[in-house]
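Asker:
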Amino acid sequence: MLTIEQVMALIIFVCMFIFIIFDKIERQYVTLFAALLTIIVTFGICMRSPSAIMRALNIQHFNEVSFWFSKKGSESKMSGINWETIIFITGMMIMVEKMGKSGFFKWLCMKIAKLVKYKPISLMVSFMIMSFGLAMFIDSITVILFLAAVTVELAQLLKLDPVPMILSEIFCANLGGSATMCGDPPNIIIGTTLHYSFKDFIKNTGVIALMSLVAIVIYFLLVYRKELVNEQVTQEDIEAMPEAKEVINSQKDFLVSCVIFLLAVILLITHERTGVTVGFIGVFIAILTLITDLKDSLDVLKKIDYKTLLFFIGLFVVVSGLEETGLLKLLAKQIEEVSGGNTIVIVAIIIWVSGIASAVVDNIPFAATMLPVIRSLAVASGVDLAVLVWALALGTDVGGSATPIGASANVVGTSVAIKNGYIITWGKYCKTSIPATVIVMFISMGMIIIRYCL
Amino acid sequence: MEKQLIITIAREFGSGGHEIGKILAERFHITFYDRNILETMFAGKEKTQEVLKQYEEKPANILFSRRVRGHTNSLEENLAQMQFDFIKEKALSGESFVIIGRCAESVLYDNENAIKVFIIGNQKNKLDRIMKKYNLDEKEADSKIKRHDQSRARYHNKYSIEKWGDAKGYDICLNSSYLGIQKTAEVIENYIKMRNEDK
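Going down the list, the sequences are from chains A and B.
The end of the first sequence is residue 454 by the UniProt record's numbering, with every number in the run present.
The end of the second sequence is residue 199 by the UniProt record's numbering, with every number in the run present.
(1) Of all Cβ atoms in chain A, is any one closer than 8 angstroms to the Cβ of Ser143 of chain B?
(2) Of all the alpha helix (DSSP H) runs that stay within the bounds of the segment 85 to 147 of chain A, which reach a length of 4 or more residues?
(3) Consult DSSP for His29 of chain B and reduce its assignment to one of helix, strand or coil.
(4) For a contact meaning CB atoms closer than 7 angstroms, what does Gln68 of chain B contact in chain A?
(5) Just to make sure I have the definition right: I need the residues of chain A whose C-beta is within less than 7 angstroms of the C-beta of Thr72 of chain B. Which are they?
(6) What would DSSP say about Phe198 of chain A, mapped onto helix, strand or coil?
(7) Can you list, in chain order, the residues of its chain with a C-beta nearer than 7 angstroms to that of Ala52 of chain A? Leave out the 5 residues immediately preceding and following it.
(8) Please determine, among A:Gly176, A:Gly275, A:Ile138 and A:Tyr118, the residue with the shortest C-alpha to C-alpha distance to Val150 of chain A.
(9) If we count Cβ pairs, one from each stretch, closer than 8 angstroms, do we get three or more for the segment 229 to 242 of chain A versus the segment 254 to 265 of chain A?
(10) For Asn249 of chain A, I'd like the list of residues in its chain whose CB is within less than 8 angstroms of its CB, leaving aside the five on either flank, ordered along the chain.
(11) Taking one C-beta from the segment 388 to 407 of chain A and one from the segment 152 to 163 of chain A each time, how about it: are there three or more such pairs within less than 8 angstroms?
(12) If you draw a straight line from the alpha carbon of Ile287 of chain A to that of Asn82 of chain A, how long is it in whole angstroms?
(13) What does Lys419 of chain A touch in chain B if you count any residue whose Cβ is under 9 angstroms from its own?
(14) Could you tell me which of A:Glu246, A:Phe13 and A:Ser178 sits nearest to Lys106 of chain A, measuring between CA atoms?
(15) With a cut-off of 8 angstroms, do at least 3 Cβ pairs link the segment 414 to 421 of chain A to the segment 203 to 223 of chain A?
(16) Against Phe64 of chain B, what residues of chain A qualify as contacts under a CB-to-CB distance less than 9 angstroms, listed in chain order?
(17) For Val214 of chain A and Met241 of chain A, what's the separation of their Cα atoms in angstroms?
(18) Since Phe22 of chain A meets chain B, which of its residues come closer than 9 angstroms, beta carbon to beta carbon?
(19) Is the CB of Asp305 of chain A under 8 angstroms away from at least one CB in chain B?
(20) Considering only C-alpha positions, which residue in the set B:Ser65, B:Lys47 and B:Ile100 is nearest to Arg35 of chain B?
(21) Here's the rule: buried if 16 or more other CB atoms are within 10 angstroms of the residue's CB, otherwise exposed. What is Pro50 of chain A?
(22) Using the beta-carbon of each residue, which ones in chain B are nearer than 8 angstroms to Ile423 of chain A?
(23) Which value, in whole angstroms, describes the spacing of the CA atoms of Val96 of chain A and Gly282 of chain A?
(24) Please work out which residues of its chain come closer than 8 angstroms, Cβ to Cβ, to Pro59 of chain B, disregarding the five sequence neighbours upstream and downstream, and give them in chain order.
(25) With a CB to CB cut of under 6 angstroms and the five nearest residues on each side skipped, what residues in its chain are close to Phe67 of chain A?
(26) Using a 10 Å radius around the Cβ and a threshold of 16 neighbouring Cβ atoms, would you call Arg129 of chain B buried or exposed?
(27) Please work out which residues of its chain come closer than 6 angstroms, Cβ to Cβ, to Ala35 of chain A, disregarding the five sequence neighbours upstream and downstream, and give them in chain order.
(28) So for Lys116 of chain B, helix, strand or coil by DSSP?
(29) What three-state label does DSSP hand Cys46 of chain A in the structure shown?
(30) Quickly, what does DSSP pair Cys173 of chain B with across the bridge? List them, please.
(31) Could you give the residue range of the beta strand (DSSP E) that holds Arg11 of chain B?
(32) Report the neighbours of Phe42 of chain B on chain A: residues whose CB is nearer than 8 angstroms to its CB, in chain order.
(33) Verify the CB distance criterion: does Lys45 of chain B have a CB-CB separation below 8 angstroms to chain A?
(34) Between Ala391 of chain A and Arg11 of chain B, what straight-line distance do the alpha-carbon atoms span, to the nearest angstrom?
(35) Please confirm whether Ser408 of chain A and Ser140 of chain A have their CB atoms less than 8 angstroms apart.
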């Protein structure tokens, strides 16, 4: 029997999810209003717990050393707003905005296209790898926004069909995001909450993602072999292509952006050794980007996607409502009962439930909700938490690739294609992406079971 | 050079608004845009035109679409936006035309050369028309009318400030059932001529 606060927390959460799915009201307003209800109704009226409100808001975390510097094994905090995620994403948004403005992404695409001599098969493979590589460090929305736009441009100039390339790039961006701690929002939330480092992710999800990339490149080449073989690029088309350096808007901004990006990558790779948190990296990168061009800083700040940040803030509070009331522990108990405590079954449940759920709903709220569940599940069943973490990360990141609405990159990629007159219907999208997702899900599940459960 | 004339025609399903638009285009010797707008927008891409016909003037399916940073995967919404841009572009180019539906009165709300018309009809007349046109019985025709009008209203209201069919959004609203298609078109023609004389 559920308690009154559990019922309230559940109602708020379900209503929030329904409103997010129906998209009638902008999702940041939905989560913020749901957060307000959680604070007033669940924590205030039902639980009468000011301390639960404080834990949900988590403001005190800024004053703690652990926000800026962390040690491996330090205690993880589940409840409340994950400010580290918010700050890190903000910092990366600022850096990426500046990179985009300087022409970095377009330059990279043009350079690689020229390197592979604009050959359709080589173009597709190289852009898939580039999408994977960039998404390991930069949010997949930005990666796809630039990549899809350049792909359309290249396709128009070279008279190719950009749809196969865009679909494969979207898939690889999501896959690349699953490889690292900072690639995909679910991974950032998991990493910052449970103190898993960049290296931890690379050694676990990274290896699996890389193996999957090989399979996926082969898969997409096989699926689109007819189109790719039939497409011929003439010497005339190649000669009409612009030079990579022509797309750089400002030489100075370009160089500064490259240096800051490189620095961000180094900081992320070494953060376990240096002890700085991703929150610290976010602040450092943001300040560095802004002070290197003070004149432009206001403009860059205006371009931050505040809506997404507010969406995250509201979401964290609502999920803390589920956690504080003990609802997620109940869910964990249910999963444990269904699985009978068998690690392989638990991994299979987490990876497939996360994958299927992420294919139809936004994977960020799903991952945020499931995180406390898997922690309780690990405690209750005695299964290594890390194993469940990798299953959750891969399930949510990869599952999102299956449908046009599963992940943000999919929405942006299909939108760019459609706006340019290249129609991607649900059928067209799912025909290639569902089998690809299933392949990667099986690879992920198989590798997790072989590596950790046998 | 002749003054630009744009006639936007919104209509209830079965009211004959489409036909009235065609008559007006002939009378004023101007281009007529209805579903053929896709042929102009996607010239040479017959397959694309065929696919997009199913998504035209339709509200987005909320369960199958998502919005991210101003982008959406919804074909309905993207197509609507592309059509709005096309309408604006045509209006800016100085071309005179009649356009059926597609929120044109809302897209061109501040265009002085645009005359915004809404055509309604009595239920009986609309039923007769639809039964004859699509070879349906009364019940089927009734449900078709309801379905189309609901869909048009949802589509329109998503992108427009004024509600679909609300007189505030149009210059002239007429019931085509009393005068018939030809005479209703004449009334609008005279209205347009008088308005242009006054300028």
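Just so it is clear, CB atoms sit at the ideal spot from N, CA and C, and this is done for glycine as well.
Answerer: The answer reads as follows:
(1) Your numbering for residue 143 of chain B matches position 143 in the second sequence. For Ser143 of chain B, the answer is no, since every Cβ of chain A falls outside 8 angstroms of its Cβ.
(2) 104 to 115 and 120 to 135
(3) Stepping through the second sequence from its first residue, residue 29 of chain B is reached at position 29. Of the three classes helix, strand and coil, the one that applies to His29 of chain B here is coil, per DSSP.
(4) Here residue 68 of chain B refers to the residue found at position 68 of the second sequence. A small fix is needed here, since residue 68 of chain B is Val in this sequence, not Gln. Going along chain A in sequence order, the residues near Val68 of chain B (Cβ under 7 angstroms) are Ile141, Ser408, Val411 and Val412.
(5) Residue numbering aside, residue 72 of chain B sits at position 72 when the second sequence is read from its first letter. Simply Val411 and Ser415.
(6) Here residue 198 of chain A is taken as the residue at index 198 of the first sequence, counted from 1. Phe198 of chain A: helix per DSSP, three-state reduction.
(7) Working through the first sequence from its first residue, we reach residue 52 of chain A at position 52. Within the same chain, Ala52 of chain A has close Cβ partners Phe43 and Glu324.
(8) For the purposes of this step, residue 150 of chain A is taken as residue 150 along the first sequence, with counting starting at 1. Considering only alpha carbons, the answer is A:Tyr118.
(9) no
(10) Taking the first sequence and counting its residues from 1, the one referred to as residue 249 of chain A is at position 249. So the list reads Lys101, Ser102 and Gly103, once near-sequence residues are dropped.
(11) no
(12) Here residue 287 of chain A refers to the residue found at position 287 when the first sequence is read from its first residue. Here residue 82 of chain A refers to the residue found at position 82 when the first sequence is read from its first residue. Their backbone Cα atoms lie some 20 angstroms apart in a straight line.
(13) In the first sequence, counting from the first residue as 1, residue 419 of chain A sits at position 419. Neighbours of Lys419 of chain A on chain B, chain order: His71, Asn78, Gln81 and Met82.
(14) Counted from its first residue, the first sequence places residue 106 of chain A at position 106. The option with the nearest alpha carbon to Lys106 of chain A is A:Glu246.
(15) no
(16) To locate residue 64 of chain B, count along the second sequence from 1; it is residue 64. Under the 9 angstroms cutoff, chain A gives Thr403, Pro404, Ile405 and Trp426.
(17) As a position in the first sequence, residue 214 of chain A is number 214, starting the count at 1. As a position in the first sequence, residue 241 of chain A is number 241, starting the count at 1. Val214 of chain A and Met241 of chain A: Cα-Cα distance of roughly 29 angstroms.
(18) Residue mapping note: residue 22 of chain A aligns to position 22 of the first sequence, counting from 1. What Phe22 of chain A touches in chain B: Ile62 and Leu63.
(19) On the first sequence, position 305 is the one that residue 305 of chain A refers to. Cβ-Cβ to chain B under 8 angstroms: yes for Asp305 of chain A.
(20) For the purposes of this step, residue 35 of chain B is identified with residue 35 of the second sequence, where counting begins at 1. The residue with the shortest Cα to Cα distance from Arg35 of chain B is B:Ile100.
(21) Here the question's residue 50 of chain A lines up with position 50 in the first sequence. Pro50 of chain A is exposed by the Cβ-count criterion.
(22) Indexing the first sequence from 1 puts residue 423 of chain A at position 423. Within chain B, the residues near Ile423 of chain A are Thr48, Val51, Leu52 and Leu75.
(23) Your numbering for residue 96 of chain A matches position 96 in the first sequence. Your numbering for residue 282 of chain A matches position 282 in the first sequence. Spanning the two alpha carbons is a distance of roughly 12 angstroms.
(24) Residue numbering aside, residue 59 of chain B sits at position 59 when the second sequence is read from its first letter. For Pro59 of chain B, where only same-chain residues beyond five positions count, the Cβ hits under 8 angstroms are Glu76, Ser151, Arg154, Tyr155 and Lys158.
(25) In the first sequence, the residue the question calls residue 67 of chain A occupies position 67. The answer, listed in chain order, is His61 and Gly279.
(26) Position 129 of the second sequence, counting from 1, holds the residue named residue 129 of chain B. Its Cβ being crowded by 16 or more others within 10 Å, Arg129 of chain B is buried.
(27) Residue numbering aside, residue 35 of chain A sits at position 35 when the first sequence is read from its first letter. Result list for Ala35 of chain A: Gly314, Val317 and Val318, in chain order.
(28) One-based indexing of the second sequence puts residue 116 of chain B at position 116. In this structure, Lys116 of chain B counts as strand in the three-state DSSP scheme.
(29) Looking up residue 46 of chain A in the first sequence gives position 46. Helix.
(30) As a working note, residue 173 of chain B is residue 173 in the second sequence. According to DSSP, Cys173 of chain B bridges with B:Phe118.
(31) Numbered from 1 along the second sequence, position 11 holds the residue referred to as residue 11 of chain B. Taken as a continuous stretch (DSSP letters only), the beta strand (DSSP E) holding Arg11 of chain B covers Ile6 to Arg11.
(32) Start at 1 with the first residue of the second sequence, and residue 42 of chain B comes out as number 42. The contacting residues are Gly421.
(33) For the purposes of this step, residue 45 of chain B is taken as the residue at position 45 of the second sequence. Yes, because at least one Cβ of chain A sits closer than 8 angstroms to the Cβ of Lys45 of chain B.
(34) Translated into the one-based positions of the first sequence, residue 391 of chain A becomes position 391. Translated into the one-based positions of the second sequence, residue 11 of chain B becomes position 11. Each residue's alpha carbon lies about 54 angstroms from the other.
(35) Taking the first residue of the first sequence as position 1, residue 408 of chain A is located at position 408. Taking the first residue of the first sequence as position 1, residue 140 of chain A is located at position 140. Their beta carbons are under 8 angstroms apart, which means Ser408 of chain A touches Ser140 of chain A by this criterion.
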